[in-house]
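Enquirer: Mind having a look at this structure? Questions to follow.
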Amino acid sequence: MATNEKRCRFGKDKYRDWEKGLPDGILDMIVERLDFIHCLTFSKVCKSWRSVVRYASIRNPLRGCPWLVTVSPKPADGAERVSFCSMTEMKGRCMEISGRGNVVYMCGSVQDWLIVKTQLHSCNKVLWALLNPFTGAKVFLPALRLPGNKLVLSGSPFESNCVYMTLTKPSLKFSLWTKGAPIWTEVEVRYEIKQEPEPLTDAAFCNGNFYFLTKNYNIQRLDAAYASSAIRRRSTSEIKTSFYRVEMPCWPKGQFFKYLMESSGDILLVIRFFRYVITCSFTIYRLDIGRKEWVKLDDLGDQILFLGKTTSRSYSAKELGFVRGNCIFFTDVYRYNRYKSETNFLDWGIFCLDDKRFGSFFYPSKECSSEPVWITAPLWWYLFGERPLYETKINLNPGVIWYR
């Protein structure tokens, strides 16, 4: 008798609606203050609480956790195995990308989208595509004559006014495209007659503007909304960048690699120093566009930087449920070969700015044929039962329409 009463009691509690009796809107206020990990725990209380978190995740689709993405080639069938590893769960997942005889390169990400490209040797053009492994959505872009090694977006690919910018580093030219335009618009950065041209070495998007880093650490800035309007009006000659001569307090020397990225509404310049191709230190600067100078940062506060050769991003340590922030996750930038699919992970790790010490993080796969990419796994994907990643066959070939 006692056993039946206990089973009945637990059965009722399992489906009880814990929202009844609470003030209106109180759950929404609680969810807004919860970090990513506690949102997942909160959603498991009951169905009504789970629906509150789902609605909050739809309103803020940028909430999520960082995943590290690597590619392992399969020369036999031309397909490539893409592996994902969550930095909060240390759990691996995988999918496949096929390019129908053409080698597919993974070269970045934006939010929860992967950016891939392929070189068509038959027509000497580069084709770009955006793949969402969580929804299966695809966005194909027009063919591009310039090779391009970095693609930066002004927003989500679903936004009608999203501007796509591709940059060939280093170069004085970049290309722009927005939905509805038949082809890419090539823009050349112009300098004054007596001014020495400075090639663009990196780019990032922040607060409605594209920021370009020049060879001498100066900045070229382009308003994305104005560029989109000029492309739609077919007045591409009006697209011009604004030049800012920015003071650099200490020019780096030796062997180093530069990352231009956005973090909490600021533009950061992260300089990674090497000693015999092994990372030895980092220096971080914040762009003060008003004072036209790079301000050295010794503390990132709550932020954690995830550096990638093509894509870098920033997260809040509190949002991820990490014990502390003010650190940098980094991966190797030198030891990748498409014909040798293993890396020894000698230069993967974590750098803490507090004590200037290095740590390590675990990654389950040893096969890696190209630079890893960081991507954001959205909160809503976890709330819908962690559906399997889509096995993507993008079938890249010159006969398809490359934009929508």
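Per my numbering, the very first residue in the sequence shown carries number 10; after that it's consecutive. No residue lacks a Cβ here, since even glycine has one placed at the ideal position from N, Cα and C.
Are G310 and N335 touching if we call contact CB-CB under 8 Å?
Expert: Yes, they are a contact pair.
Enquirer: Which of the three DSSP states is assigned to I410 in this structure?
Expert: Annotation note: pLDDT 27 at I410 (below 50); position unreliable, coordinate value reported separately. Reduced to three states, the DSSP call for I410 is coil.
Enquirer: Measuring straight from C-alpha to C-alpha, what distance separates E351 and L136?
Expert: Here E351 scores only 48 on pLDDT, less than 50, and its place in the model should not be relied on; the value that follows carries that caveat. About 27 Å.
Enquirer: Touching or not, the segment 217-228 and the segment 254-266, by the rule of three or more beta carbon pairs under 8 Å?
Expert: yes
Enquirer: In chain order, what are the residue ranges of uninterrupted beta strand (DSSP E) at least 3 long that sit wholly in the segment 303-372?
Expert: 312-315, 322-325, 336-339, 358-361, 366-368
Enquirer: When you compare only the Cα positions, how much space is there between D275 and S321?
Expert: 13 Å
Enquirer: For the pair the segment 230-243 and the segment 266-273, tell me if three or more CB-CB distances fall below 8 Å.
Expert: no
Enquirer: Please report the distance separating the alpha-carbon of A326 from that of R242.
Expert: 43 Å
Enquirer: Quick one, which of W303, I124, E271 has its alpha-carbon nearest N158's?
Expert: I124
Enquirer: Assign F291 to buried or exposed, taking buried as 16 or more other Cβ atoms, counted over all protein chains shown, within 10 Å of its Cβ.
Expert: buried
Enquirer: Going by beta carbon distance, what residues of the same chain come within less than 6 Å of K56, once the five residues before and after it are set aside?
Expert: none
Enquirer: Would you tell me roughly how many angstroms separate the C-alpha atoms of Y294 and V304, rounded to the nearest one?
Expert: 5 Å
Enquirer: N141: which of F93, N216, F283, S272 sits nearest, CA to CA?
Expert: F93
Enquirer: Let's see if you can read the secondary structure: which residues bound the beta strand (DSSP E) around A386?
Expert: 382-387
Enquirer: What residue does the alpha helix (DSSP H) around I240 start on, and which one ends it?
Expert: 233-241
Enquirer: Sort F219, D364, L277 by Cα distance to K249 and report the nearest one.
Expert: Closest option to K249, judged by alpha-carbon separation, among F219, D364, L277: F219.
Enquirer: Identify the continuous beta strand (DSSP E) that holds L153 and give its terminal residues.
Expert: For L153, there is no enclosing beta strand (DSSP E), as DSSP marks it with neither H nor E.
Enquirer: Where A213 and D121 are concerned, what is the direct C-alpha to C-alpha distance, given to the nearest angstrom?
Expert: So the two alpha carbons sit approximately 17 Å from each other.
Enquirer: Enumerate in chain order the residues of its own chain whose CB-to-CB distance from P381 is below 7 Å, with the five nearest sequence positions on each side excluded.
Expert: L77, V78, T79, G317, T340
Enquirer: So what does C187 bridge to, in DSSP terms?
Expert: Note on residue identity: the sequence assigns Thr, not Cys, to residue 187. According to DSSP, T187 bridges with V172.
Enquirer: Taking the alpha-carbon of L181 as reference, which of D211, W193, A152, R59 has the nearest alpha-carbon?
Expert: D211
Enquirer: Name the two residues that bound the continuous beta strand (DSSP E) containing L160.
Expert: Run containing L160: 159-162, per the beta strand (DSSP E) assignment.
Enquirer: So for R285, helix, strand or coil by DSSP?
Expert: Before going further, note that residue 285 is Tyr rather than Arg in the sequence given. In the structure shown, Y285 sits in coil (DSSP, three-state: anything other than H, G, I, E or B).
Enquirer: Per DSSP, what are the beta-bridge partners of L139 in this structure?
Expert: I124, V148
Enquirer: Determine the contact status of D315 and P75, defining contact as a CB-CB distance below 8 Å.
Expert: According to the sequence shown, residue 315 is Phe rather than Asp. Contact flag set, yes.
Enquirer: Please report how far the alpha carbon of F370 lies from the alpha carbon of G117, in whole angstroms.
Expert: Cα to Cα, F370 sits roughly 21 Å from G117.
Enquirer: In chain order, what residues of the same chain have a beta carbon less than 6 Å from the beta carbon of P261, not counting five sequence neighbours either side?
Expert: Closer than 6 Å at Cβ, skipping near neighbours: I280.
Enquirer: Are the CB atoms of T194 and T245 nearer to each other than 8 Å?
Expert: A contact, by the Cβ cut-off of 8 Å.
Enquirer: Contact defined as beta carbons within less than 8 Å: I believe V185 pairs with V198. What is the distance between those atoms, to the nearest angstrom?
Expert: Rather than Val, the amino acid found at residue 185 in this sequence is Leu. The pair is not a contact, with the Cβ atoms about 12 Å apart (cut-off 8 Å).
Enquirer: Grab me the residues of F367's own chain with a C-beta within less than 6 Å of its C-beta, minus the 5 sequence neighbours each way, in chain order.
Expert: G358, F360
Enquirer: Cβ atoms of L43 and V61: under 8 Å apart, would you say?
Expert: Against a cut-off of 8 Å, the Cβ pair of L43 and V61 comes out as no contact.
Enquirer: What residue does the beta strand (DSSP E) around N218 start on, and which one ends it?
Expert: Taken as a continuous stretch (DSSP letters only), the beta strand (DSSP E) holding N218 covers 218-223.
Enquirer: Excluding sequence positions up to five away, which residues of its chain have a Cβ less than 6 Å from the Cβ of V148?
Expert: L139, P166
Enquirer: Using a 10 Å radius around the Cβ and a threshold of 16 neighbouring Cβ atoms, would you call P387 buried or exposed?
Expert: Classification of P387: buried, given that the 10 Å Cβ count is 16 or more.
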